[in-house]
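J.: Pasting a structure below so you can have a look.
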Amino acid sequence: MDRPGFTASLVAGGVAGVAVDLILFPLDTIKTRLQSPQGFNKAGGFHGIYAGVPSAAIGSFPNAAAFFITYEYVKWFLHTDSSSYLMPVKHMLAASAGEVVACLIRVPSEVVKQRAQVSASSRTFHIFSNILYTEGVQGLYRGYKSTVLREIPFSLVQFPLWESLKALWSWRQDHVVDCWQSAVCGAFAGGFAAAVTTPLDVAKTRIMLAKAGSSTASGNVLSALHGVWRTHGLSGLFAGVFPRMAAISLGGFIFLGAYEQTRSLLLEVGRERP
Numbered sequence: 103m104d105r106p107g108f109t110a111s112l113v114a115g116g117v118a119g120v121a122v123d124l125i126l127f128p129l130d131t132i133k134t135r136l137q138s139p140q141g142f143n144k145a146g147g148f149h150g151i152y153a154g155v156p157s158a159a160i161g162s163f164p165n166a167a168a169f170f171i172t173y174e175y176v177k178w179f180l181h182t183d184s185s186s187y188l189m190p191v192k193h194m195l196a197a198s199a200g201e202v203v204a205c206l207i208r209v210p211s212e213v214v215k216q217r218a219q220v221s222a223s224s225r226t227f228h229i230f231s232n233i234l235y236t237e238g239v240q241g242l243y244r245g246y247k248s249t250v251l252r253e254i255p256f257s258l259v260q261f262p263l264w265e266s267l268k269a270l271w272s273w274r275q276d277h278v279v280d281c282w283q284s285a286v287c288g289a290f291a292g293g294f295a296a297a298v299t300t301p302l303d304v305a306k307t308r309i310m311l312a313k314a315g316s317s318t319a320s321g322n323v324l325s326a327l328h329g330v331w332r333t334h335g336l337s338g339l340f341a342g343v344f345p346r347m348a349a350i351s352l353g354g355f356i357f358l359g360a361y362e363q364t365r366s367l368l369l370e371v372g373r374e375r376p
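Here this note's numbering = 1-based position in the sequence shown + 102.
As structure tokens, this is what we get:
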């Protein structure tokens, strides 16, 4: 990938990530509290819904930038003809690679953020330093495997669906989709992917919030899912599904729309420079 494309993907991904995380933070807090083992009200209810926002603000730009740099690079590296039946496979591989890289940044930010969301009285920096003191750096990466196991299936659904919807819309109107149309496709793809991967999100939340040394804190996703199923049934596995769908649908609209808009703008500026 050429240097202008690399830079555009980095900046556009970062801008889109910050926009989504800050705008939709209250919905994310509500979702986390619905999935919390202590229950919604004990986790804080509707009080302090911006608890943990510093962690999200710090992590969102590098996290999103890392994803889109990797996503665009792998798409470029696995170049195939646009009419090829392998196109969805390329998008799946690119999205999966992007998630594995982005989670190296996302998980520490997510661990601190989620603990702050269910303990609104504690400051973000205090939670961060307490994790380092009691669990070390590995404490910040608790739930890395469960996050990757959530994000890869999510991306395997969202990104091929997003790319396919854009291609279909482009074909129907006989020209490339506009940024707002790409955003609509992103909203639909994100909402659908959010619904089907909610149980994995519940498992990830339980692992990140579990008391250090407990069996859940070990990071076994199947064990966490079984524990939720045993105590709360199917409704427990889909706890927070509606705010998650709402947040990710809106997030998909803002994130993928802002990404396309910013990237095309940066590429246009790059072309105009002598």
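Don't be surprised by glycine CBs; every beta carbon is placed ideally from N, CA and C.
#1: Considering Cα atoms alone, identify which of Y187, F163, A159, A204 is closest to Y173.
#2: Which residue wins for smallest C-alpha separation from F344, given the options L258, P301, T109?
#3: Take the Cβ of H149 as the centre, count every other Cβ of all protein chains shown within 10 Å, and call the residue buried at 16 or more, exposed below.
#4: Buried or exposed: Q240, going by 16 or more other Cβ atoms within 10 Å of its Cβ?
#5: Throw me the rounded Cβ distance for the T134 and I151 pair, which I believe falls under 8 Å.
#6: Grab the span of the alpha helix (DSSP H) containing S162 for me, first residue to last.
#7: Determine the extent of the alpha helix (DSSP H) in which P190 is found, giving its start and end residues.
#8: Any idea what DSSP makes of L251, helix, strand or coil?
#9: From L112 to V279, what distance separates their C-alpha atoms?
#10: Check whether the segment 320 to 336 touches the segment 220 to 238, counting contact only when three or more Cβ pairs, one atom from each stretch, lie closer than 8 Å.
#11: What are the start and end residues of each continuous alpha helix (DSSP H) run of 4 or more residues lying completely inside the segment 288 to 364, in chain order?
#12: Is it right to say W264 is buried, meaning 16 or more other beta carbons lie within 10 angstroms of its own, or is it exposed?
#13: Measure the C-alpha to C-alpha separation of A110 and L126 and round it to an integer number of angstroms.
#14: Please classify N232: does DSSP put it in a helix, a strand, or coil?
#15: Mind checking whether A289 and F357 have CB atoms under 7 Å apart?
#16: Within 10 Å of its beta-carbon, does V191 have 16 or more other beta-carbons around it, so buried, or fewer, so exposed?
#17: Mapping DSSP to helix, strand and coil, what is G115?
#18: Consult DSSP for P139 and reduce its assignment to one of helix, strand or coil.
#19: Am I right that I309 and G245 are in contact with their C-beta atoms under 8 Å? What's the rounded C-beta distance?
#20: Take L195 and list the residues in its own chain whose beta-carbon comes closer than 7 Å to its own, dropping the five residues that flank it on each side.
#21: Please go through the same chain and pick out, in chain order, the residues whose beta-carbon is closer than 8 Å to the beta-carbon of Q283, but skip the five residues on each side of it.
#22: Below 8 Å on the Cβ atoms is my contact criterion, and I expect A326 with T318 to pass it. Report the Cβ-Cβ distance as a whole number of Å.
#23: Can you list, in chain order, the residues of its chain with a C-beta nearer than 7 Å to that of G359? Leave out the 5 residues immediately preceding and following it.
#24: First and last residue of the alpha helix (DSSP H) that includes L242?
#25: Let me check understanding here. Comparing Cα to Cα, which of R274, V213, S248, T249 lies closest to N232?
T.: The answer reads as follows:
#1: Nearest in C-alpha terms to Y173, of all of Y187, F163, A159, A204, is A204.
#2: P301
#3: It is exposed - the Cβ of H149 has fewer than 16 other Cβ atoms within 10 Å.
#4: exposed
#5: That belief does not hold up - the Cβ atoms of T134 and I151 are roughly 10 Å apart, past 8 Å.
#6: 155 to 179
#7: 189 to 219
#8: helix
#9: When rounded, the distance between both Cα atoms is 22 Å.
#10: no
#11: For the segment 288 to 364, whole alpha helix (DSSP H) runs of length 4 or above, ordered along the chain, are 300 to 311, 323 to 339.
#12: buried
#13: 24 Å
#14: helix
#15: Not in contact: A289 and F357 (Cβ atoms no closer than 7 Å).
#16: exposed
#17: helix
#18: DSSP places P139 in coil when its eight states are reduced to three.
#19: 4 Å
#20: V176, L180
#21: Residues of the same chain with a CB within less than 8 Å of the CB of Q283, apart from the 5 flanking positions on each side, are K268, W271 in chain order.
#22: 6 Å
#23: C281, W282, S284, A285, G288
#24: 239 to 242
#25: V213
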